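In this text, residue positions in the sequence shown follow this note's numbering: the first is 549, and each later residue adds one.
Backbone N, C-alpha and C fix where the C-beta goes; we use that ideal spot for every residue, glycine too.
All figures in this text were calculated on a predicted structure; none of them were measured in a lab.
Beneath this line is the structure, given in C-alpha cells, with notes to follow.
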Amino acid sequence: MRPSLLDPLFAPASSLTGVGPKIGKLLDKLLAENGVSARIVDLLFHLPASTIDRRNRPKIADAPLDQLVMIEARVVSHQAPGPRGKAPYKVLVEDETGDILLVFFLANHQWIEKSLPIGETRWISGKLELWDGHRQMVHPDRVLDEAGLAKLPPVEPVYDLTEG
Numbered sequence: 549m550r551p552s553l554l555d556p557l558f559a560p561a562s563s564l565t566g567v568g569p570k571i572g573k574l575l576d577k578l579l580a581e582n583g584v585s586a587r588i589v590d591l592l593f594h595l596p597a598s599t600i601d602r603r604n605r606p607k608i609a610d611a612p613l614d615q616l617v618m619i620e621a622r623v624v625s626h627q628a629p630g631p632r633g634k635a636p637y638k639v640l641v642e643d644e645t646g647d648i649l650l651v652f653f654l655a656n657h658q659w660i661e662k663s664l665p666i667g668e669t670r671w672i673s674g675k676l677e678l679w680d681g682h683r684q685m686v687h688p689d690r691v692l693d694e695a696g697l698a699k700l701p702p703v704e705p706v707y708d709l710t711e712g
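What follows is the structure in C-alpha cells.
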C-alpha cells in the first residue's frame, strides 16, 4: 500500500490543467497500459526517445557534413525565386572561413527577409549537405539572433509522438 501523499501522482493525466478529452486520448494511446488510463506518474517517467545536441558550433570550413551543427554566420545576400516561384529561395551566409547557402523551398519570403537581414549575424542550426560542389543547409531548424541563442537550451529532448 502506498502512502496517501503519493495519491495525486496516480490521478489520471486528464485531470491536469490544459489536458482535455482530445489530448487525454492521445496520452492514453501513448502511455496507457493494460487498459488503465495514463496517469500523472506515467507522464513524469516518460523519457525522451532522443535528444538534439546543439553544442557543436564549428566554423563553416570545419563543419562536418550530414551532422547537426550550429553555425554563427553573417548574412551576405538573398536570391529570391523568379516570377514563377518554383525555384527555392536562397540566402548566402559566411564567416571568416567560408560560406554556405541556406535553401528554402516554398517558403514565406517575408519571414526569411525578416529573420535573415543582410549584414546581420545569425546563429543557424541544421544539417550541412554538399550539392553541386557547394555546402548548403536546406530548411535550417533554427535561425536565431544573440538573444534567441541565449534562450535556446544546448540540448533539447525529443519525445515520441502519436498520430494526431
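Coil, strand or helix - residue i by DSSP
i      : result
Gln627 : strand
Glu644 : coil
Leu700 : coil
Pro560 : strand
Glu620 : strand
Ser585 : coil
Glu677 : strand
Where the beta strand (DSSP E) containing residue i begins and where it ends
i      : result
Ile600 : Ser598 to Asp601
Gly572 : It is not in any beta strand (DSSP E) - Gly572 instead sits in the alpha helix (DSSP H) that spans Pro569 to Leu579.
Gln615 : Counting along the chain, Gln615 falls outside any beta strand (DSSP E), and DSSP gives it neither H nor E.
His682 : His682 to Val686
Alpha-carbon to alpha-carbon, residue j and residue i
i      : j      : result
Asp614 : Arg683 : 11 Å
Val589 : Phe558 : 6 Å
Buried or exposed by the 16-neighbour rule on C-beta atoms within 10 Å, applied to residue i
i      : result
Asp576 : buried
Closer than 7 Å: residue i CB and nearest the ligand GTP heavy atom
i      : result
Leu654 : Only the bare structure without any ligand can be found here, which leaves the ligand GTP out of the picture.
Q) How do the segment 690 to 710 and the segment 585 to 593 stand: do at least 3 beta-carbon pairs fall below 8 Å, yes or no? A) Here the segment 690 to 710 does not lie against the segment 585 to 593, with fewer than 3 beta-carbon pairs under 8 Å apart.
Q.
Whether or not the segment 634 to 653 and the segment 674 to 683 are in contact is what I'm after, with contact meaning three or more pairs of Cβ atoms, one per stretch, closer than 8 Å; do they touch?
A. Segments in contact, yes.
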